[in-house]
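Single-structure report; data block below.
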Amino acid sequence: MPSAVSSSRGSSALRFGRFAAMGAVAVLILIAGVWASWGTAQHAMLTKGRESGTVEVTSCGGRTCSGPYTPLSQGSQPRERVVLEDSVAVEKGRTYTVVLKPGGGEAVRSGPGGILYSWVPLGGALLLASVVVAGGLLRMRTAWVMALSGAALLTAAFLAV
Numbered sequence: 025m026p027s028a029v030s031s032s033r034g035s036s037a038l039r040f041g042r043f044a045a046m047g048a049v050a051v052l053i054l055i056a057g058v059w060a061s062w063g064t065a066q067h068a069m070l071t072k073g074r075e076s077g078t079v080e081v082t083s084c085g086g087r088t089c090s091g092p093y094t095p096l097s098q099g100s101q102p103r104e105r106v107v108l109e110d111s112v113a114v115e116k117g118r119t120y121t122v123v124l125k126p127g128g129g130e131a132v133r134s135g136p137g138g139i140l141y142s143w144v145p146l147g148g149a150l151l152l153a154s155v156v157v158a159g160g161l162l163r164m165r166t167a168w169v170m171a172l173s174g175a176a177l178l179t180a181a182f183l184a185v
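If you're matching positions, the sequence shown starts at 25 in our numbering and goes up one per residue.
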């Protein structure tokens, strides 16, 4: 009988170890998604006290697009050139509402499209973490909720862009 008791304890320890390791991996993936998103999202979401205006994109090259900045907020000054990150969310020849990052040379899209686009890394992290939660933690409902939330966020960002 002693071997049955020790075997039961061993399998419980292994289950707990798997649960702890997979839980830690899932949490780290989600933290990384929030961390990657927050760098841009904070500027797009928390616009109070920041300079806001529009940018007409006149040139794109490499990883950035740029154009003249026209202020909309009080106290903001026009600029000949501000830089936007070149992505699927920015096209040459279009005008976008933006918020300037502190320092004034770099802009982030504002409004619903900018906010949704800034949270795209979190949407990807939700999709990735859902696989870990389903396979490693065996929590299927939680995994489905995470996967559908990530897919909804990515779809909304795609449609808003």
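Backbone N, C-alpha and C define an ideal beta-carbon position, used for all residues, glycine too.
By the DSSP assignment, the alpha helix (DSSP H) with residue i in it spans what residues?
i	result
R165	164 to 184
L140	135 to 142
For the ligand ZN, any of its heavy atoms closer than 6 Å to the Cβ of residue i?
i	result
A171	Questions concerning the ligand ZN fall outside what the structure shown contains, since it holds no ligand whatsoever.
Tell me, which residues are paired with residue i by DSSP?
i	result
S83	S90
Y120	V79
L108	C89
E130	V107
My understanding is that residue i touches residue j, with C-beta atoms under 8 Å, so please give their C-beta distance in whole angstroms.
i	j	result
V123	A131	7 Å
V49	V156	5 Å
Reducing DSSP to helix, strand and coil, say where residue i ends up.
i	result
P95	strand
R42	helix
V157	helix
A113	coil
R74	coil
S61	helix
S100	coil
Quiz item: Does the stretch 89 to 97 come close enough to the stretch 168 to 177 that 3 or more CB-CB pairs lie under 8 Å?
Solution: no
Practice problem: Count the C-beta pairs between the stretch 105 to 114 and the stretch 72 to 92 that are closer than 8 Å, then say yes if the count reaches three, no if not. | Solution: yes
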